[in-house]
């Protein structure tokens, strides 16, 4: 699998970021029919009608929209989903929009900026990644491997996860390979890092999130730009932590005409009804916005990825499917609900 091109923009309000994304997409005469939309906060991002309208416009333009995710490893989820389909190419759009909505997901898990929390502070942004199967020498890079590892809910869960990370990295490493750290401002991250020796980490490149800013699912893409494109480090393992005990492992190399594709792996897909997820988040928002009640526990309950039943399932992704109608129908429902 290859990345044909990549674009990222971060910081600012929803309108500015969506306008920037539209401007980027408008420069292409023809986009892939298949478009993955991902967001670490799942359907919470859809509480903003501007986001839904943007997606509805894409669908109206003839695109097949897939809303998939797996916390902050949602880019990995889209890559894994694409690896199991027959399309030749696809576009992955990361919509980490709306500071308040994204932050409350982290705060609901106790890792955000609330009192006595870990201190992860959301940096909103958008990204567009064009992926394809066929080699071309002009492609940006090659995705040689992609996995979402998961920590089991047991006493040995953390050391077993560290062992799995080491195994995955060892399958495609040489003296030139550099690993980008998953270090972030969280107790869990610090605990996992203790499982790697000083020699293990001696040549690791620093995580882009060490200062506390949290890029959500855009972290590996921002690091790809920083290290692969700008610093010319062309043999990279990008490690990304995701909520619910996940670690995304993404191997990036220079495109090779001899690449046979990464090894087929089991992908656990949970299909869910998008409207149900939307209503769960909307109901939680109503408690906070209208009734002034503490609603974060309801946000946590609406989120799918933290649920214990998924712990220990590697390559677990979520695929939210419209039960009926279209994205335009969802937008009309949203207008009626808030009108």
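Numbering (the numbering used here), first residue to last: 2 to 340.
Cβ atoms here follow ideal geometry from the backbone N, Cα and C, with glycine treated the same way.
As the structure is a computational prediction, the values presented were derived from the model and not from experiment.
Quiz item: By Cβ distance, which residues of its chain are closer than 8 Å to residue 159, with the 5 residues on each side in sequence left out?
Solution: The answer, listed in chain order, is 152, 192, 193, 196.
Exercise. Enumerate, from N- to C-terminal direction, the unbroken beta strand (DSSP E) stretches of 3 or more residues contained entirely within the region 64-148.
Key: Note on the region 64-148: whole beta strand (DSSP E) runs with a minimum of 3 residues are 65-70, 90-97, 126-133, in chain order.
Quiz item: Any idea which residues DSSP pairs residue 204 with across the strands?
Solution: Paired residue(s): none; residue 204 is not in a bridge.
Quiz prompt | Straight-line Cα distance separating residue 139 from residue 259 | solution = One C-alpha to the other measures close to 15 Å.
Quiz prompt | Cβ-based neighbour list, residue 52, same chain, cut-off 8 Å, excluding 5 preceding and 5 following | solution = The answer, listed in chain order, is 15, 19, 46, 96, 98, 99.
Practice problem: Between the Cα of residue 226 and those of 82, 145, 253, spot the shortest distance and give me the residue it belongs to. | Solution: The candidate whose alpha carbon is nearest that of residue 226 is 253.
Self-check item: With 16 other Cβ atoms within 10 Å as the buried cut-off, status of residue 305
Solution: Per the 10 Å Cβ criterion, buried.
Self-check item: Reduced DSSP secondary structure (H/G/I, E/B, other) of residue 311
Solution: Three-state result, residue 311: helix.
Self-check item: Beta-carbon proximity list for residue 244, same chain, < 7 Å, skipping 5 on both sides
Solution: Non-local C-beta neighbours of residue 244 in its own chain, meaning closer than 7 Å and more than five positions away in sequence, comprise 72, 73, 110, 306, 307, ordered along the chain.
Exercise. Please name the residue, chosen from 237, 81, 12, 69, that lies closest to residue 175 on a Cα-to-Cα basis.
Key: Measuring from the Cα of residue 175, the nearest candidate turns out to be 237.
Quiz item: In chain order, what residues of the same chain lie with their CB nearer than 6 Å to the CB of residue 21, ignoring the 5 residues before and after it?
Solution: Taking C-beta separations shorter than 6 Å and ignoring five residues to either side along the sequence, the partners of residue 21 in its chain run 10, following chain order.
Practice problem: Taking 8 Å as the cut-off, decide whether the C-beta atoms of residue 64 and residue 129 are in contact. | Solution: Not a contact, by the Cβ cut-off of 8 Å.
Practice problem: Quick one: which unbroken alpha helix (DSSP H) runs of 4-plus residues sit fully inside the region 244-300? Chain order, please. | Solution: Runs of the alpha helix (DSSP H) inside the region 244-300: 275-290.
Quiz prompt | Stretch pair the region 201-215 + the region 267-280: three plus CB contacts closer than 8 Å | solution = Result no; under three Cβ-Cβ pairs closer than 8 Å.
Exercise. Give a yes or no on contact between the region 83-94 and the region 273-292, applying the rule of three or more CB pairs nearer than 8 Å.
Key: At 8 Å Cβ cutoff, the stretches do not touch.
Quiz item: Touch check for the region 117-132 and the region 278-298: three-plus C-beta pairs under 8 Å?
Solution: Result no; under three Cβ-Cβ pairs closer than 8 Å.
Exercise. Could you tell me which residues DSSP puts in a beta bridge with residue 39?
Key: 95.
Practice problem: From the DSSP output, in three-state form, read off residue 1 for me. | Solution: The shown model of the chain, from 2 to 340, leaves out residue 1, and the question about it has no answer.
Exercise. Assign residue 11 to one of three DSSP states: helix, strand, or coil.
Key: Strand at residue 11.
Quiz item: My guess is that residue 315 and residue 150 are in contact by the Cβ rule of under 8 Å, so how many angstroms apart are they, rounded?
Solution: About 5 Å separates the beta carbon of residue 315 from that of residue 150, a gap short enough to meet the 8 Å contact definition.
Quiz item: Under a three-way DSSP split, which group does residue 197 fall into?
Solution: In the structure shown, residue 197 adopts coil according to DSSP, grouped into three states.
Quiz item: When the Cα of residue 262 is compared with those of 102, 132, 279, which residue comes out closest?
Solution: Between residue 262 and the set 102, 132, 279, the nearest pair of CA atoms involves 132.
Quiz item: If you draw a straight line from the C-alpha of residue 172 to the C-alpha of residue 106, how long is it?
Solution: Residue 172 and residue 106: Cα-Cα distance of roughly 34 Å.
Practice problem: Taking only the alpha-carbon atoms, compute the straight-line gap between residue 115 and residue 31 and give it to the nearest angstrom. | Solution: In this structure, the CA atom of residue 115 is about 44 Å from the CA atom of residue 31.
Practice problem: Determine the direct distance from the alpha carbon of residue 41 to that of residue 327, and round the result to whole angstroms. | Solution: A straight line joining the alpha-carbon of residue 327 with that of residue 41 spans about 22 Å.
Quiz prompt | DSSP state of residue 191 mapped onto helix, strand, coil | solution = In the displayed model, residue 191 falls within a helix according to three-state DSSP.
Quiz prompt | Start and end residues, alpha helix (DSSP H) containing residue 181 | solution = Note, residue 181: premise wrong, no alpha helix (DSSP H); beta strand (DSSP E) at 179-181.
Quiz item: Per DSSP, which one or two residues make a beta bridge with residue 215?
Solution: Paired residues: 123.
Practice problem: Using 7 Å as the cut-off, classify the Cβ of residue 71 as near or not near the heavy atoms of the ligand SAH, replying yes or no. | Solution: As for the ligand SAH, it is missing from this structure, which has no ligand bound.
Quiz prompt | Extent of the continuous alpha helix (DSSP H) to which residue 47 belongs | solution = Note, residue 47: premise wrong, no alpha helix (DSSP H); not H, not E.
Self-check item: Spatial neighbours of residue 221 in its chain, beta-carbon cut-off 7 Å, leaving aside the 5 residues before and after
Solution: Around residue 221: 76, 239, 241, 249, 251.
Quiz item: Can you tell me whether residue 104 is buried or exposed, with buried defined as 16 or more other CB within 10 angstroms of its CB?
Solution: Answer is buried; the Cβ neighbour count reaches 16.
Quiz item: DSSP on residue 1, reduced to helix/strand/coil?
Solution: With the chain running from 2 to 340 in the structure shown, residue 1 is simply not present.
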